[in-house]
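**Student:**
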Amino acid sequence: MRKWLRRISRVVISGCAILTGFDIIGHPASIVGNSMYPALRGEDSRWYKRDFVWLSRWSLHACSPGTILTFISPRDPSAVHIKRVVATEGSGVIPQLRAEVTIVPKGHYWMEGDNPQARNDSNVYGPVSKGLVRGRATHIIWPPSRWQRL
Numbered sequence: 001m002r003k004w005l006r007r008i009s010r011v012v013i014s015g016c017a018i019l020t021g022f023d024i025i026g027h028p029a030s031i032v033g034n035s036m037y038p039a040l041r042g043e044d045s046r047w048y049k050r051d052f053v054w055l056s057r058w059s060l061h062a063c064s065p066g067t068i069l070t071f072i073s074p075r076d077p078s079a080v081h082i083k084r085v086v087a088t089e090g091s092g093v094i095p096q097l098r099a100e101v102t103i104v105p106k107g108h109y110w111m112e113g114d115n116p117q118a119r120n121d122s123n124v125y126g127p128v129s130k131g132l133v134r135g136r137a138t139h140i141i142w143p144p145s146r147w148q149r150l
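Note that full-length UniProt numbering has the sequence shown beginning at 1, numbered continuously upward.
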């Protein structure tokens, strides 16, 4: 009975440590969709043909243009998007659907996909609050032929 309890406690402690590491340090994530093509490939229905990236949880609120972030969709809280930061707070940007300059408000990013044919980004839903950011894509970790820093 004691051995059984000891094993169960080790499994529970290990599981808690892994989940804490994912929440504090980061975790791998699969790319789904082609809005970030060609930088990230996720259009294939077979998981092993898609890119997997490492999502870091560090320094999420000190990002500059060019940084790739994941965030909760402002329109659908059950969806997570991955896009590139185009402008930061206080910067001006000209949205594709309007001709006038939009100033990114404090505490927000202007996020856009790399693929102009498959975009669901700030041009549709406006600036993204920093509070919705969940991770920074730092590396492509799968497939091995595409290992690289982003």
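Note that the Cβ used here is the ideal one computed from N, Cα and C, for glycine as well.
1) If you follow the beta strand (DSSP E) that lysine 83 is part of, which residue opens it and which one closes it?
2) Are serine 73 and arginine 50 closer than 9 Å when you measure CB to CB?
3) Can you tell me where the alpha helix (DSSP H) holding tryptophan 58 begins and where it ends?
4) Please look up how many angstroms separate the CB atoms of arginine 57 and glycine 26, rounded, as I've assumed it's under 8 Å.
5) Under 6 Å Cβ to Cβ from tyrosine 125, same chain only, skipping five residues before and after it: list those, please.
6) Whole angstroms are fine: how far does the CA of valine 85 sit from the CA of arginine 41?
7) How is the beta strand (DSSP E) around valine 133 delimited, first residue to last?
8) Smallest Cα separation from threonine 138: which of Pro38, Glu100, Ala79, Leu60?
**Tutor:** Result, derived from the coordinates:
1) Boundaries of the beta strand (DSSP E) harbouring lysine 83: 80 to 88, taken from the DSSP string.
2) Not a contact, by the Cβ cut-off of 9 Å.
3) Boundaries cannot be given for tryptophan 58, as no alpha helix (DSSP H) includes it and DSSP labels it neither H nor E.
4) Sure, about 5 Å apart at Cβ, within 8 Å.
5) Answer for tyrosine 125: Pro74, Arg75, listed in chain order.
6) Just so you know, the alpha carbons of arginine 41 and valine 85 end up roughly 18 Å apart.
7) Run containing valine 133: 133 to 142, per the beta strand (DSSP E) assignment.
8) It is Leu60.
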